[in-house]
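Everything on this sheet refers to the single structure shown next.
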Amino acid sequence: GMIQPLVKRERKGDIYLHQQLALALNKTKQRDEAEQILNDIIGKYGPDPETNGLLGAVYKGLMDDNTGDDLLAAAYRNKSIEAYLDGFDADPRDFYPGVNALTLLFFENADDPRFKKYFPLVTYSVERQLETNKNNYWVQATALELAALQMNEARSKQFLAAALTCNPAKWEKETTAGNLKKIYAKAALLQGEEKTAWLMDCIEKLI
Numbered sequence: 377g378m379i380q381p382l383v384k385r386e387r388k389g390d391i392y393l394h395q396q397l398a399l400a401l402n403k404t405k406q407r408d409e410a411e412q413i414l415n416d417i418i419g420k421y422g423p424d425p426e427t428n429g430l431l432g433a434v435y436k437g438l439m440d441d442n443t444g445d446d447l448l449a450a451a452y453r454n455k456s457i458e459a460y461l462d463g464f465d466a467d468p469r470d471f472y473p474g475v476n477a478l479t480l481l482f483f484e485n486a487d488d489p490r491f492k493k494y495f496p497l498v499t500y501s502v503e504r505q506l507e508t509n510k511n512n513y514w515v516q517a518t519a520l521e522l523a524a525l526q527m528n529e530a531r532s533k534q535f536l537a538a539a540l541t542c543n544p545a546k547w548e549k550e551t552t553a554g555n556l557k558k559i560y561a562k563a564a565l566l567q568g569e570e571k572t573a574w575l576m577d578c579i580e581k582l583i
């Protein structure tokens, strides 16, 4: 019985160091190495929101790197969506991989059955956090993204204001702006720029 807690603690530390390494590699666009490390962790220990969130981000980066190639961009987008959804399924209390999957699904095809299935689940996860953790920037910013995905102008502006009162760092606001730009690109195609101008206003307040 004595050895078990030790192994568990070792494993946690080991995973954390590898996650940090993968995060650093992804930031310097060494995405293949990052992908390898993260897939090794998942292969060994199974999916979890943190590791899968990082893997989803690696594939999202590869999608952005291949913007000029529709086929490759779509393939990486799909891998990113799958990595994020596996992470959310592993622990639905962690909304981060869930909302990232939804934004990419919306960008790909808002009629995707996975979008309809996961939207209420991620919304519930965020609503629980809004009750207990409302001064957290990411909770408010995620609620903003969900409202934007529903094209709900009033709620989007409400959560944007709440998010900005959490005193976020520049990179945090830029991350949210980047996600909202993806939503805007698709929404403007579907509904026209006039009807979605309010979302561009929200983006401009973040950059």
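Following the numbering used here from start to finish, the sequence shown increments by one per residue and tops out at 583. We put the CB at the ideal spot given by N, CA and C, even for glycine.
Check	Outcome
Of the listed residues Y560, A545, A523 and Y513, nearest to A538 (C-alpha basis)	Y513
CA-to-CA distance, R407 to I413, given in whole angstroms	10 Å
3-residue-minimum beta strand (DSSP E) runs that sit fully inside the segment 454 to 514, ordered along the chain	none
Beta-carbon spacing of Q401, E409 below 7 Å	It is worth fixing the name first, because residue 401 is Leu in this sequence and not Gln. A contact, by the Cβ cut-off of 7 Å.
Within 7 Å, strictly: CB atoms of S456 and G432	yes
Residue of F464, I583 and A486 minimising C-alpha distance to V502	F464
Of the residues K571, T552, G568 and W547, the one placed nearest Y472, counting alpha carbons only	T552
Reference E580, options L565, K533 and N543, closest by Cα	K533
At least three beta-carbon pairs within less than 8 Å, the segment 469 to 486 to the segment 508 to 527	yes
Contact set for L382: own chain, Cβ-Cβ below 7 Å, skip 5 residues either direction	Annotation note: pLDDT 47 at L382 (below 50); position unreliable, coordinate value reported separately. Answer for L382: no residue qualifies.
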